[in-house]
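Following this note's numbering, the numbering of the sequence shown begins with 68 at its first residue and continues without gaps. By construction, the Cβ of each residue, glycine as well, lies at the ideal position given by its N, Cα and C atoms. What follows is a single structure, written as structure tokens, with notes after it.
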Amino acid sequence: MSIKSTNKVSPEFSMSSMTDIVFLLLIFFMLTASNNPKVLDLLLPKAQGKSSTIQNVSVSIDKDAQYYVNNKLVDISQMETELKEALSGMENPTIVLRVEESVPIEKAVSVMDIANQNQYKLILAVRPK
């Protein structure tokens, strides 16, 4: 007398659960990898050091020597008044200077002079090595 099993394993594989997982992962990565449109894309110079999370005002200089205060295009002649306006009322006024590495140093020194004349703390932003 031979005993046969009535439970047979089906060779078919249901892909519906797999596609659900793939779509959820796709949505997750699309949401987390989105670029912030308010950030200027600058190629910063490399250096070793700690990164600072405290940022009061950001001054950026791009490769075309255009100056930005908190992503707002500003002429260099109006830089001091814009910085005074942006830093007014702050206890420890700090400027984060972001200069693209192809920009001549004279452009960065002009912002450093303004910060020095007004006793603002200045931090130079760099890329980690």
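| Asked | Found |
| --- | --- |
| By a C-beta neighbour count over all protein chains shown, 10 Å radius and 16 as the cutoff for buried, is Pro-195 buried or exposed? | exposed |
| What is the DSSP secondary structure of Val-170, counted as helix, strand or coil? | coil |
| According to the neighbour-count rule (16 or more other Cβ atoms, all chains shown, within 10 Å of its Cβ), is Val-76 buried or exposed? | exposed |
| Check each candidate in Ser-84, Ser-125 and Phe-80 and name the one with the smallest Cα separation from Leu-189. | Ser-125 |
| Just the Cα atoms here: how many angstroms apart are Val-89 and Asn-74? | 31 Å |
| Can Glu-167 and Lys-130 be called in contact, C-beta distance under 8 Å? | yes |
| Can you check which of these residues, Ile-143, Asn-123, Asn-138 and Phe-96, is closest to Ala-132 by C-alpha distance? | Ile-143 |
| Is Ile-181 near Leu-150, with beta carbons less than 8 Å apart? | yes |
| Is Val-89 helix, strand or coil by DSSP? | helix |
| Report the partner residues of Leu-191 according to the DSSP bridge assignment. | Leu-164 |
| For Ser-69, which beta-bridge partners are listed by DSSP? | According to DSSP, which records beta bridges pairwise, Ser-69 is partnered with nothing at all. |
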